[in-house]
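So the protein lines, in turn, are chains H and Y.
Each number in my numbering comes from the position in the first sequence (counting from 1) with 1087 added on.
Each number in my numbering comes from the position in the second sequence (counting from 1) with 1087 added on.
2 protein chains.
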Amino acid sequence: MFIDDLPTPCLLIERRRLEANLARMQATAEAQGVALRPHVKTHKSVRLARWQRERGARGLTVATVDEAEVFVAAGFEDVRLAYPVVGAERHARLQRLADRARISFCVDTVAGAEAASAAWAGAGRRADVLVEIDVGHGRTGVPWHHADAEVLARRVAALPGLCLAGILTHEGQAYHGPVHDAEDEAGALRRVARETVGRMLDVAVGWRAAGVPGVEPGAFALSIGSTPSMAGFENAGRDGFRITEIRPGNYVFNDATQVGLGSARWADCALTVLATVISKRRDPTGRERFFLDAGKKVLTADGGYGTDGYGRLLYNARTMTPLPHARLTALSEEHGWGVVPGGAPFDVGDRVRIVPNHACVTVHTQDEVYLVDGDTVIEALPVDARGRRRISGRGGE
Amino acid sequence: MFIDDLPTPCLLIERRRLEANLARMQATAEAQGVALRPHVKTHKSVRLARWQRERGARGLTVATVDEAEVFVAAGFEDVRLAYPVVGAERHARLQRLADRARISFCVDTVAGAEAASAAWAGAGRRADVLVEIDVGHGRTGVPWHHADAEVLARRVAALPGLCLAGILTHEGQAYHGPVHDAEDEAGALRRVARETVGRMLDVAVGWRAAGVPGVEPGAFALSIGSTPSMAGFENAGRDGFRITEIRPGNYVFNDATQVGLGSARWADCALTVLATVISKRRDPTGRERFFLDAGKKVLTADGGYGTDGYGRLLYNARTMTPLPHARLTALSEEHGWGVVPGGAPFDVGDRVRIVPNHACVTVHTQDEVYLVDGDTVIEALPVDARGRRRISGRGGE
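Okay, structure coming up:
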């Protein structure tokens, strides 16, 4: 089967680019002496997670209980939720998974920790819990420099049913780009990586000095992760503590945002949207506009640092030749439209590819993606962990 | 079952609001003497389309062949693709559907029309084709005032395998809001509706005067459609021609964009995202921030005219009380975060609802949605026409 046989729009994964991306991040983990615990939110694919494991990944990271259920059912034995788990129903589902796999999750509030304790101790069980730390992103997690962090750690260590297993952060500020004129993109990634490592060490060293129970080098996890910050990661240690694991997700595919941030090249982008040119005409200013059958329902409205429009156009679909001046300027649900200054080298009925701005949300729009080698379709990969049906009794797997 | 029993995030449809929205648009169609041919892209639900039909809708509108296949399989006998259909594979699939239902589609280029003719005449068949007209949106469709429109109409009328059945437009400029300071939102919708009707009449009257075959009042479809423009729609006729059908889609649910445009009230918004508060803390400026388990993978990054942030927060989940000053300021994949000046009246573990910015893309993230009446869950509605699997042999139905 060839890509010309696939209905559009659909998602293609270039096998050779994917393989290179998997190998590169595994090599980073090994060079820095950390476990690679990849975040499966990006692909939600059991087959792809197995390839990550075969290449050396140790354990998986997930964001949701849905994802945890799919991957435990597929035989993965060590699943960490990089997410503050809140709600009795979620804890009950995780307890069922804990019969078959090592499950760990985050807390970032005393209220969340107390509810987790009630759920796990109430069931006569004990869970590995990581305190989520905010090292500068501003999302969930206790700010690294705030006294609340140690208060929460002591509470977790003291509560029945919980075991204080480590600290975890998502250094999402790596997606913000340079913060002042004297900093370039590569410098920004190095700064974020250095800050992340330094702030996580501050927390661990500080807690040990303060006598928080269980905080000892070796046994205590220091978990960080984002694809862009890995480009600047150096595993400096302090007082016996070191970063113990990294949790990037996007690196398997990369996308226009990673290229904008300087953490990937266009040739590292394994995921593309295959689309058909459905219309073409000159607009009132004389510019040639083109229209594709790929809109928000596949590319999504997502942007990101350094992106321009809704993805980068590759002409043609077989050779993946970029068309640098083309811009995909607008999307509606099932239409993408753009301009090519000087005229487009494609006609109605031709096919093009687009590197999306954000691979993770793009994959989430689909039930399956296609692994390809050039114009040959190798196999369909189901997006196993998306869209699970609840009360009508059909899982998404 | 109650909404407290549903895992979050998930989508709720308020039955009474839905019923009122269905009745209101049906009444508009009847008052204006047009067929309501609802666009099912918004809900992609067979059950919901049946309710539309029971209340008087005549035929369905779809954007994709996938959608056409699902609704024809469910017994709908008159399906129109409001989309320029390009590609031999699409025409072959439509021909199979044409054995069981009345299928019509759009063309907006001579190349597209010639390829459609080759596909249908080559199979010894004939298709009803509408020329897509652009009445000012700037997306697909031949501009209403351009000589290319008549050239295309003559070509469609002359080509074997095609029957020139009408003209169709999507007046998407209704989503742009006022275009000058002296215009308010309601005025903008009235202007767009008036322009749309007038420009479609210009085309039909002009083509008949020019002797384009088959352009006669009564038999010739004049199809318009967008939810906001329906708020200003008055079916003025000319020389025997009138608008024959409307194709709104979003009206079944409405959303924050419709409220911004003035085409719906908050109390008309039937679709909400049910979410759990997963974290809460004061940020460095002393403002209380809250974090929800609803991010881009359910709300999407979509914006829209008059929206602010990523949707409107309703506190609490049962009473749907709005929290006017709360803002959902940022989303990542599985997190939504925001601020409530003065402090949030909810705690970690509480549930809230959010009216999304754009209902159609929000529904597309899910495999099922829940019809509710207050806090009682009535039933699960499968999102039948999303995410169909291709070469792995599993349909999305």
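Note that CB positions come from ideal geometry on N, CA and C, so glycine has one too.
Cβ neighbour criterion (16 or more within 10 Å) applied to residue i
i	result
THR1372/H	exposed
HIS1267/Y	exposed
GLY1199/Y	buried
ALA1234/H	exposed
GLY1396/H	buried
GLU1141/Y	exposed
ASP1326/Y	exposed
ARG1177/Y	buried
ARG1376/H	buried
GLY1259/H	buried
GLY1298/H	exposed
ARG1187/Y	exposed
ILE1465/Y	exposed
PHE1378/H	buried
VAL1238/Y	exposed
GLU1164/H	exposed
VAL1196/H	According to the sequence provided, residue 1196/H is Thr. The question's Val does not apply to it. Counting Cβ neighbours within 10 Å, THR1196/H comes out buried, since at least 16 surround it.
ARG1183/H	exposed
GLU1117/Y	exposed
Chain Y contact residues for residue i, given Cβ-Cβ distances below 9 Å
i	result
PHE1378/H	PRO1171, ASP1195, ARG1226 and THR1227
Chain-ordered chain H contacts of residue i [CB-CB under 9 Å]
i	result
GLY1199/Y	ILE1365, SER1366, VAL1435 and GLY1436
ALA1202/Y	VAL1435 and GLY1436
Alpha carbon of residue i to alpha carbon of residue j, nearest angstrom
i	j	result
HIS1412/H	PHE1433/H	14 Å
LEU1098/Y	GLY1382/Y	13 Å
PRO1315/Y	ARG1134/Y	24 Å
GLY1482/H	GLY1474/H	Its pLDDT being 38, under 50, GLY1482/H is placed unreliably in this model, and the value from its coordinates should be taken loosely. GLY1482/H and GLY1474/H: Cα-Cα distance of roughly 8 Å.
ALA1107/H	ASP1355/H	8 Å
GLY1293/Y	PHE1328/Y	11 Å
PHE1158/Y	VAL1456/Y	18 Å
GLU1303/H	THR1344/H	38 Å
SER1419/Y	THR1227/H	11 Å
VAL1450/H	THR1256/H	24 Å
ASP1370/H	ILE1311/Y	22 Å
ARG1277/H	ALA1351/H	14 Å
ARG1167/H	ARG1189/H	8 Å
ALA1236/Y	PRO1171/Y	14 Å
ALA1203/Y	ALA1214/Y	9 Å
PHE1089/H	LEU1458/H	11 Å
PHE1192/Y	GLU1321/H	58 Å
ALA1114/H	ARG1180/Y	47 Å
VAL1360/H	ASP1454/Y	21 Å
MET1407/Y	ARG1440/Y	7 Å
Within chain Y, partners of residue i - CB distance below 7 Å
i	result
LYS1383/H	ASP1389 and VAL1448
TRP1424/H	ARG1226
GLY1174/H	THR1363 and GLY1436
Contact list for residue i against chain Y, beta-carbon separation under 8 Å
i	result
ALA1150/H	GLU1420 and GLU1421
Give me the subset of the segment 1448-1476 of chain H whose CB atoms are less than 9 Å from a CB atom of chain Y, sorted by chain position. VAL1448, HIS1451, THR1452, GLN1453, ASP1454, GLU1455, TYR1457, VAL1464, GLU1466, ALA1467, LEU1468, PRO1469, VAL1470, ARG1473, GLY1474, ARG1475 and ARG1476
Scan the segment 1144-1203 of chain H and note each continuous alpha helix (DSSP H) run of 4 residues or more that stays entirely inside, going in chain order. 1152-1160 and 1175-1184
Length at least 3, wholly inside the segment 1365-1423 of chain Y: the beta strand (DSSP E) runs in chain order: 1375-1379, 1399-1401 and 1414-1418
Below 7 Å between beta carbons is the criterion; list the residues of the segment 1263-1275 of chain H that meet it against any residue of chain Y, in chain order. The segment 1263-1275 of chain H vs chain Y, Cβ under 7 Å: nothing.
I'd like the ranges of any alpha helix (DSSP H) spanning at least 4 consecutive residues and lying wholly in the segment 1219-1300 of chain Y. Qualifying alpha helix (DSSP H) stretches, in chain order: 1234-1245 and 1272-1296.
Just by C-beta distance, which residues in the segment 1122-1133 of chain Y are closer than 7 Å to chain H? Close to chain H, meaning a Cβ-Cβ distance shorter than 7 Å, are the following residues of the segment 1122-1133 of chain Y: LYS1128.
Report the residues of the segment 1088-1119 of chain Y with a CB closer than 9 Å to any CB of chain H, ordered along the chain. MET1088, ASP1092, LEU1093, PRO1094, THR1095 and CYS1097
Going along the segment 1339-1350 of chain Y in order, which residues come within less than 8 Å of chain H, judged by CB to CB distance? none
Using a Cβ cut-off of 8 Å, which residues of the segment 1245-1259 of chain H contact any Cβ in chain Y, in chain order? GLY1259
Let me know the alpha helix (DSSP H) ranges lying completely inside the segment 1093-1134 of chain H, each 4 residues or longer, listed in chain order. Fully enclosed alpha helix (DSSP H) runs of 4 or longer: 1102-1119.
Curious, which full-length beta strand (DSSP E) runs of at least 3 residues does the segment 1437-1481 of chain H contain? As far as the segment 1437-1481 of chain H is concerned, its whole beta strand (DSSP E) runs of at least 3 residues are 1438-1442, 1455-1460 and 1463-1469.
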